[in-house]
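When you read off a place in the sequence shown, starting at 1, and then add 2, the result is the number in my numbering.
All residues carry an ideal CB built from backbone N, CA and C; glycine is no exception.
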Amino acid sequence: MSGDPLETARQALEPGETLVWADRPSPEAFARTKVPQVIRGVLGLAVIAGLHWYGYVPDWRIGGQHALLFGFLIAASAYCLVLIFSPNIAKISARSMVYAVTDRRIMILSLWPFRRSRVFLPGEIDAPRTMATEAGRGVVVFLERKLPWWKRSAGGSYQIEAFYGIADAPMVAEAIEKLKGPQEASPFDNED
Numbered sequence: 003m004s005g006d007p008l009e010t011a012r013q014a015l016e017p018g019e020t021l022v023w024a025d026r027p028s029p030e031a032f033a034r035t036k037v038p039q040v041i042r043g044v045l046g047l048a049v050i051a052g053l054h055w056y057g058y059v060p061d062w063r064i065g066g067q068h069a070l071l072f073g074f075l076i077a078a079s080a081y082c083l084v085l086i087f088s089p090n091i092a093k094i095s096a097r098s099m100v101y102a103v104t105d106r107r108i109m110i111l112s113l114w115p116f117r118r119s120r121v122f123l124p125g126e127i128d129a130p131r132t133m134a135t136e137a138g139r140g141v142v143v144f145l146e147r148k149l150p151w152w153k154r155s156a157g158g159s160y161q162i163e164a165f166y167g168i169a170d171a172p173m174v175a176e177a178i179e180k181l182k183g184p185q186e187a188s189p190f191d192n193e194d
């Protein structure tokens, strides 16, 4: 992945596809999206500390069963620490991330910590919503779906996909609206 977001996005294009827009997220704006995870991490560590304080943490030297529970608490503590530091991890990740809109799809390309790309086709996206900030950067939300009960977790009950901390957010929202195409008219719109 090169330093130029346009070049990075062009490398991911399919034959005949045209790049409409590409940019990187603001690391600070992307890090702010991880604040709920920090809260969960702090609460998790508080529960583990409470278990230890009240003597519910077993002595791992007694036997295998106690060692297994102790190992689980160590792993849970490590997970909580990752949640607490997730804004810092997000800042690093944002520096190697590229948002792109083409004439066929929306892409979120990331190199760190693993190379991956997420693609959203016109039929999958919603009408874009724009939220501008005073710093001239904004957020464009293009997918917001309530998840079915079996897919919900501590991460929330909605799947939200957005471009965070981008310049010219209204222009990007227009490009996404154009990609989405005209809204299909419902035969029930005019009925009372």
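Pro130 vs Phe144 beta-carbon contact at 8 Å: Yes, they are a contact pair.
With distance defined between alpha-carbon atoms, name the residue in Glu19, Pro89, Pro17 and Pro172 nearest to Thr135. The option with the nearest alpha carbon to Thr135 is Pro172.
For Ile86, which residues from the same chain have a beta carbon less than 6 Å from its beta carbon, with the 5 sequence-adjacent residues on both sides left out? Correct list, in chain order: Val40 and Gly43.
Flag this pair as yes or no: are the beta carbons of Lys153 and Pro89 separated by less than 8 Å? With contacts defined as CB atoms closer than 8 Å, Lys153 and Pro89 fail to qualify as a contacting pair.
Would you call the segment 101-119 and the segment 45-54 touching, i.e. three or more CB-CB distances under 8 Å? Verdict: no, contact absent.
Roughly how many angstroms separate the alpha carbons of Glu9 and Tyr166, rounded to a whole number? Going by C-alpha positions, Glu9 is about 20 Å away from Tyr166.
With three or more C-beta pairs closer than 8 Å as the rule, is the segment 50-57 touching the segment 103-113? Contact between the segment 103-113 and the segment 50-57 is absent, because fewer than three Cβ pairs lie under 8 Å.
My output table needs one value for Leu123: the three-state DSSP class, helix, strand or coil. Of the three classes helix, strand and coil, the one that applies to Leu123 here is coil, per DSSP.
According to DSSP, what are the bridge partners of Thr132? Answer is Val142, bridged to Thr132.
What whole-angstrom Cβ distance do Glu146 and Ile168 have, given they're in contact under 8 Å? That belief does not hold up - the Cβ atoms of Glu146 and Ile168 are roughly 17 Å apart, past 8 Å.
DSSP has Phe165 in a bridge; who is on the other side? Phe165 pairs with Val142.
Taking Thr10 as part of the alpha helix (DSSP H), name the residues at either end of that continuous run. From DSSP, the alpha helix (DSSP H) with Thr10 extends over Pro7 to Gln13.
In three-state terms, what does DSSP make of Met3? Because the pLDDT of Met3 is 49, which lies under 50, any placement of that residue in the model is unreliable, and the question is left without a value.
Please classify Ala137 as buried or exposed, where buried requires at least 16 neighbouring CB atoms within 10 angstroms. So Ala137 ends up on the exposed side.
Classify Trp23: buried if its beta carbon has 16 or more other beta carbons within 10 angstroms, exposed otherwise. With 16 or more neighbouring CB atoms inside 10 Å of its own CB, Trp23 falls in the buried class.
Take the Cβ of Gly140 as the centre, count every other Cβ of all protein chains shown within 10 Å, and call the residue buried at 16 or more, exposed below. Within 10 angstroms of the beta-carbon of Gly140 lie 16 or more other beta-carbons, which makes it buried.
Report yes if the CB atom of Arg178 is closer than 8 Å to the CB atom of Val103, and no otherwise. Sequence inspection shows Ile at residue 178; the Arg mentioned does not correspond to that position. Against a cut-off of 8 Å, the Cβ pair of Val103 and Ile178 comes out as a contact.
Taking C-alpha atoms, which residue in Leu149, Leu53 and Pro27 lies nearest to Lys93? Of the candidates Leu149, Leu53 and Pro27, the one whose C-alpha sits nearest the C-alpha of Lys93 is Pro27.
Residues bridged to Trp151 (per DSSP): Beta bridge pairing from DSSP links Trp151 with no other residue.
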